[in-house]
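Those protein sequences? They're chains L and W, same order as listed.
Mapping to our numbering: the first sequence position 271 is 271, numbers consecutive.
Mapping to our numbering: the second sequence position 83 is 83, numbers consecutive.
Don't be surprised by glycine CBs; every beta carbon is placed ideally from N, CA and C.
Keep in mind the model is a prediction, meaning the values are calculated, not measured.
Okay, so here's the structure we're looking at.
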Amino acid sequence: MALSIADLPKEDLFGPGHAGCGGCGAAVAGRQAMKALGSRTIVTIPASCMATLGGSNLKTTWQSPFYHTLFEMAPAVSSGIRAALEAQGIEDVNVVSWAGDAGTADIGFQSLTGAAERNEHMIHVCYDNEMYMNTGGQTGSQTPMYAITSNMTKGKTIKKKNMLAIMEAHGIDYVASASIAYPLDLIAKFKKAIEKPGFSYIHILAPCHRGWQIPPEKTIEFARLAVESGLFELYEVEDGNRTRNYEPPFIPVENYLLPQGRFKNLTQEAIQGIQTSVNKHYGRGE
Amino acid sequence: MSTTLLTGSEAAAYGAKLARIEVLAYYPITPAFPAMERVSKFIDDGDLKTRFVRVESDHSALAAALGASLAGSRTFTVTNSQGLLYMTEVVYHTAGLRQPVVMAVANRALSAPHSRFPEQGDAISQGASGWIQLFCENNQEVLDNMLQAFKIAETVRLPVMVNYEGYIQSHTLEEVEIPNQEKIDQFLPLNRVRTLDVDNPQGVNTVASPEFYMDYKFRQNEAMEQALTVICSVASDYAKEFGRDWSGLIETYQMEDAEHAFVAMGSMISDARIVVDELREKGQKIGLVKVRTWRPFPAEALREALKNVQLVTVCDKNIVYGLGGALGTEVKSALYGQTVRINSYVLGLGGRDVTTEEIKQVLELSEKTEKQTTASEWFGL
Numbered sequence: 001m002a003l004s005i006a007d008l009p010k011e012d013l014f015g016p017g018h019a020g021c022g023g024c025g026a027a028v029a030g031r032q033a034m035k036a037l038g039s040r041t042i043v044t045i046p047a048s049c050m051a052t053l054g055g056s057n058l059k060t061t062w063q064s065p066f067y068h069t070l071f072e073m074a075p076a077v078s079s080g081i082r083a084a085l086e087a088q089g090i091e092d093v094n095v096v097s098w099a100g101d102a103g104t105a106d107i108g109f110q111s112l113t114g115a116a117e118r119n120e121h122m123i124h125v126c127y128d129n130e131m132y133m134n135t136g137g138q139t140g141s142q143t144p145m146y147a148i149t150s151n152m153t154k155g156k157t158i159k160k161k162n163m164l165a166i167m168e169a170h171g172i173d174y175v176a177s178a179s180i181a182y183p184l185d186l187i188a189k190f191k192k193a194i195e196k197p198g199f200s201y202i203h204i205l206a207p208c209h210r211g212w213q214i215p216p217e218k219t220i221e222f223a224r225l226a227v228e229s230g231l232f233e234l235y236e237v238e239d240g241n242r243t244r245n246y247e248p249p250f251i252p253v254e255n256y257l258l259p260q261g262r263f264k265n266l267t268q269e270a271i272q273g274i275q276t277s278v279n280k281h282y283g284r285g286e
Numbered sequence: 001m002s003t004t005l006l007t008g009s010e011a012a013a014y015g016a017k018l019a020r021i022e023v024l025a026y027y028p029i030t031p032a033f034p035a036m037e038r039v040s041k042f043i044d045d046g047d048l049k050t051r052f053v054r055v056e057s058d059h060s061a062l063a064a065a066l067g068a069s070l071a072g073s074r075t076f077t078v079t080n081s082q083g084l085l086y087m088t089e090v091v092y093h094t095a096g097l098r099q100p101v102v103m104a105v106a107n108r109a110l111s112a113p114h115s116r117f118p119e120q121g122d123a124i125s126q127g128a129s130g131w132i133q134l135f136c137e138n139n140q141e142v143l144d145n146m147l148q149a150f151k152i153a154e155t156v157r158l159p160v161m162v163n164y165e166g167y168i169q170s171h172t173l174e175e176v177e178i179p180n181q182e183k184i185d186q187f188l189p190l191n192r193v194r195t196l197d198v199d200n201p202q203g204v205n206t207v208a209s210p211e212f213y214m215d216y217k218f219r220q221n222e223a224m225e226q227a228l229t230v231i232c233s234v235a236s237d238y239a240k241e242f243g244r245d246w247s248g249l250i251e252t253y254q255m256e257d258a259e260h261a262f263v264a265m266g267s268m269i270s271d272a273r274i275v276v277d278e279l280r281e282k283g284q285k286i287g288l289v290k291v292r293t294w295r296p297f298p299a300e301a302l303r304e305a306l307k308n309v310q311l312v313t314v315c316d317k318n319i320v321y322g323l324g325g326a327l328g329t330e331v332k333s334a335l336y337g338q339t340v341r342i343n344s345y346v347l348g349l350g351g352r353d354v355t356t357e358e359i360k361q362v363l364e365l366s367e368k369t370e371k372q373t374t375a376s377e378w379f380g381l
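Here it is in structure tokens:
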């Protein structure tokens, strides 16, 4: 039976009083995920906005233990935490590493691929805002083609690396994409990941309105447009079986792209290219 | 209690086993890897109930060990040279988080040029990292220091490195007495501290603003100073229980009436004992000061030990470029204001042999050298 809002705990384990910007997509993702993960969860977060907006000095909004790790090591740290829990016979605790796109796909990739290959009993979350926002918005491997960033002012010239396909290739227990505009789908996926004995990877598209140059109140709207246009597919892979979780209406990609300041240099030809690519490749992770 | 032939690597592994480590995380590197393999074998044979995290890099090895420690488990890792440098970021971080991780380091030269041979430059490079560092002169001390390391670490809440030289110690068999497990259990009970605990949630390593950061660092340094006392009391407790006294910070040998002191650390010490005995027989008033604890640096103990000598000869198997041998530099700093001749020598880098013969030659050279014109002289080029 599908999950409904009435099924969710009222309690917020992450959220109230956080130090993120108004309209922060990362904070929304954290709040939604913790509804599924619950208080018996240890979260490790490498350098990122998420590592700092949950607390500083003697204050924190986290109601469960969290550890701000070094940039490239959250999945390794989580592996060690899981090993210690197992050694102590503690079985009812979820272990999560929660990284941005840099801490997942770039500087953090080595420890991620290591933990995934070992099929460690943990969940890795990539909250993807498609650029290095904690340092002011530079280009990374998850930045889409054409996007303007603070260090590529004419736009990125190459494609976004497909992390979901890469993680699927590890043969881990569970791979899923999720969007903060589809909270029930996101929460259901975390509930599924908790039950897996091995490694789960959840990739969340979590817009950053500053980097994307959209109004802060439109964070969720743009997260939804990405899915509706077919540029971000909601799906999951379990035991090698791929399931699409949502059939998008395929609104024109320009409805998603053009209102974003980061795509202001997009030519009609480029838009056409992206549209053709969606029409041709949707659902195949290309 | 039983005596057997063990390499330094095996001695470190037996130390980890006797300490009943709960989590082992490592990435293989030469010449440290036999220690890791031995612990893995204990696990595979069912002699040790330890979770082994087979990480993909040295950086992740210490990261996983740190995670396990934060979750309350006694943890151990092994590395050296490039592996130690690669994990340097986590080395500093672990000390800042005050986690009692113990790491064995089979000291090896650093690249470039590439070398897989012994020297102490890798450990020296971590001298400002906030780890307690012990240097061992033989394989028995490797085993005994491993056990003392966990005790020290868990008392002052700081990580400890147990250093022994690659090949010279890591791959050389020596007679080692293995203490009785029950007695070790009494000596080293696990005082479990869960920093990451779902029943007592807290944020770890939250951002510290300028009003907080410096105070954390003050406390961390205070723990290092506390370690000066704890290392001595742990060594003396161990000696009472197991009959072997490695002393705490430094050990003096034939120093009662010595006019000339040889100061060094690590494998050179066991050779230097032979040299000192020989020269004593010839009537020379020579003694030996072994620096067992490199961090925290035992300045006060060295001042006391060296207060009556006329000449101090310090030997370093490391070079701090543009400065000199690390121990030589720090001995000079410790003896500031005392009227004593101090000659510092850099030798044995990248596996160049230092035998009793070289030590004799250095001592002779030092006696003839009225005043060194360089911070450290290179010996054996």
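Per DSSP, what kind of secondary structure is residue i in: helix, strand or coil?
i: L:C49; result: helix
i: L:M131; result: coil
i: L:I5; result: helix
i: W:N308; result: coil
i: L:M145; result: coil
i: L:W62; result: coil
i: W:F150; result: helix
i: W:Q133; result: strand
i: W:R194; result: coil
Strictly below 7 Å CB to CB, what residues from chain W border residue i?
i: L:V323; result: As shown, chain L starts at 1 and ends at 286. That puts residue 323 of chain L outside it, with no answer to give.
i: L:Y288; result: Since the displayed chain L opens at 1 and closes at 286, residue 288 of chain L lies outside it and no answer follows.
Out of curiosity, what's the CA-to-CA distance linking residue i and residue j?
i: L:P252; j: L:Q275; result: 7 Å
i: L:E247; j: L:A29; result: 22 Å
i: L:V43; j: L:T69; result: 10 Å
i: L:A115; j: L:R82; result: 11 Å
i: W:V204; j: W:M87; result: 20 Å
i: W:L24; j: L:E228; result: 47 Å
i: L:R31; j: W:R352; result: 59 Å
i: L:H170; j: L:R242; result: 14 Å
i: L:Q88; j: L:E72; result: 26 Å
i: L:S160; j: L:A102; result: One point to set straight first is that residue 160 of chain L is Lys, not Ser, in the sequence displayed. In a straight line, the C-alpha of L:K160 is about 12 Å away from that of L:A102.
i: W:V289; j: L:I172; result: 56 Å
i: L:C126; j: L:A33; result: 12 Å
i: W:E259; j: W:S247; result: 22 Å
i: L:E286; j: L:A147; result: With a pLDDT of 42 at L:E286, under the threshold of 50, the predicted position of this residue should be treated as unreliable, though the coordinate-derived value follows. Cα to Cα, the separation comes out at about 18 Å.
i: W:Y26; j: W:I286; result: 43 Å
i: L:K154; j: L:T143; result: 13 Å
Using a 10 Å radius around the Cβ and a threshold of 16 neighbouring Cβ atoms, would you call residue i buried or exposed?
i: L:K280; result: exposed
i: W:E175; result: exposed
i: L:Q268; result: exposed
i: W:M255; result: buried
i: W:Y238; result: buried
i: W:K183; result: exposed
i: L:I158; result: exposed
i: L:T219; result: buried
i: W:Y213; result: exposed
i: W:Y164; result: buried
i: L:H121; result: buried
What residues from chain L crowd round residue i, counting only those whose CB sits closer than 7 Å?
i: W:V47; result: Note that residue 47 of chain W corresponds to Asp in the displayed sequence, not to Val. Correct list: empty, because the minimum Cβ distance to chain L is about 15 Å.
i: W:R273; result: Within chain L, no residue comes near W:R273; the closest Cβ sits about 40 Å away, beyond 7 Å.
i: W:S73; result: A84, A87, Q88
i: W:P28; result: By Cβ distance, chain L contributes nothing, its closest Cβ being about 14 Å from W:P28, past 7 Å.
i: W:V53; result: S79, G80, A83
i: W:F212; result: N57
For residue i, return the contacting residues in chain W, with the cut-off set at a CB-CB distance below 8 Å.
i: L:V93; result: V198
i: L:M73; result: H59, S60, A63, V90
i: L:S309; result: One cannot answer for residue 309 of chain L here, as it falls past the ends of chain L, which runs 1 to 286.
i: L:S200; result: Here the premise fails: no neighbours, minimum Cβ distance about 18 Å.
Residues of chain W with CB closer than 9 Å to the CB of residue i, please, in chain order.
i: L:N119; result: Going along chain W, no residue has its Cβ under 9 Å from L:N119, so there is no contact; the nearest lies around 11 Å.
i: L:W98; result: Chain W residues near L:W98: none, gap ~13 Å exceeds 9 Å.
Cβ closer than 8 Å: which chain L residues qualify as neighbours of residue i?
i: W:Q361; result: Within 8 Å Cβ-Cβ: nothing; W:Q361 doesn't reach chain L, min ~46 Å.
i: W:V78; result: Within chain L, no residue comes near W:V78; the closest Cβ sits about 15 Å away, beyond 8 Å.
Applying a beta-carbon distance threshold of less than 9 Å, which residues of chain L neighbour residue i?
i: W:V160; result: Those do not exist, as W:V160 stays about 18 Å from chain L at its closest Cβ, beyond 9 Å.
### Query
Can you list the beta strand (DSSP E) stretches of 3 or more residues lying completely in the segment 269–294 of chain W, in chain order?
As far as the segment 269–294 of chain W is concerned, its whole beta strand (DSSP E) runs of at least 3 residues are 286–291.
### Query
Going along the chain, which unbroken runs of the beta strand (DSSP E) with 3 or more residues stay wholly within the segment 204–256 of chain W?
Runs found: 250–253.
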